[in-house]
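A.B. asks: All letters in the sequence shown, in the order written, are residues 1 to 108 by UniProt numbering.
In this text, a Cβ means the ideal position worked out from N, Cα and C, and glycines have one as well.
Okay, handing you the structure first.
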Amino acid sequence: SLDMSLYRDFDGSAYIIRSVDNRYSGISRLTTDYLNSSKLISTGPLYEGMALFRLKNLTYYMITSHLTGWKPNPLMLYRSQGTSLEDPQWIDMGNPTGDASSFNSQPT
């Protein structure tokens with residue numbers, strides 16, 4: 001794995017979100033003690049610098065950036081279709097900042 005981040009849901013469940021060999025993104029649920037992952041529950045578009053959050057309406061969102069290393073690029077915002085992280089469809093909502101560069105706005 002490359003870039004990764006953690007997310008803790010309202011119910012205490014925790015997840016690790018990561019770029020897997022720059023081939024796809026993966027989400028795995030963590031065990032209840034947060035020390036291990038149980039299994040890969042979702043794969044998604046290829047991106048890095050992920051930040052996952054959920055609104056009270058149960059919709060998950062993820063802010064990410066393109067795989068360009070240190071080269072500037074715009075952010076991307078994805079919304080899950082459904083209320084579970086178990087293999088949701090991720091809908092591309094575009095660049096939430098409107099800036100051509102994610103400098104000063106990287107989520108991680």
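1. Take D92 as the anchor and find which of P107, T64 and S101 has the nearest alpha-carbon.
2. Three-state secondary structure (DSSP) at E48?
3. Assuming contact is defined by CB atoms lying nearer than 8 Å, are Y60 and L77 in contact in what I supplied?
4. Can you tell me which of the three DSSP states S13 falls into?
5. Give me whichever residues DSSP pairs with W90 in a beta bridge.
6. G44: which of T31, Y24, L30 and S37 sits nearest, CA to CA?
7. Quick one: what does DSSP say R23 is sitting in, helix, strand or coil?
8. In this structure, what does DSSP give as the bridge partners for Y60?
9. Is the CB-CB distance between L6 and I16 below 8 Å?
C.D. replies: The relevant details are as follows:
1. Residue numbering aside, residue 92 sits at position 92 when the sequence shown is read from its first letter. Out of P107, T64 and S101, T64 has the C-alpha closest to the C-alpha of D92.
2. Counted from its first residue, the sequence shown places residue 48 at position 48. In this structure, E48 counts as strand in the three-state DSSP scheme.
3. Start at 1 with the first residue of the sequence shown, and residue 60 comes out as number 60. Start at 1 with the first residue of the sequence shown, and residue 77 comes out as number 77. Cβ atoms of Y60 and L77: not closer than 8 Å.
4. As a working note, residue 13 is residue 13 in the sequence shown. Coil at S13, not helix or strand.
5. The residue labelled residue 90 in the question sits at position 90 within the sequence shown. Answer is S80, bridged to W90.
6. For the purposes of this step, residue 44 is taken as the residue at position 44 of the sequence shown. Cα-wise, what sits closest to G44 is Y24.
7. As a position in the sequence shown, residue 23 is number 23, starting the count at 1. In this structure, R23 counts as coil in the three-state DSSP scheme.
8. As a working mapping, residue 60 is identified with position 60 in the sequence shown. R54, per the DSSP bridge assignment.
9. Numbered from 1 along the sequence shown, position 6 holds the residue referred to as residue 6. Numbered from 1 along the sequence shown, position 16 holds the residue referred to as residue 16. The answer is yes: Cβ separation under 8 Å.
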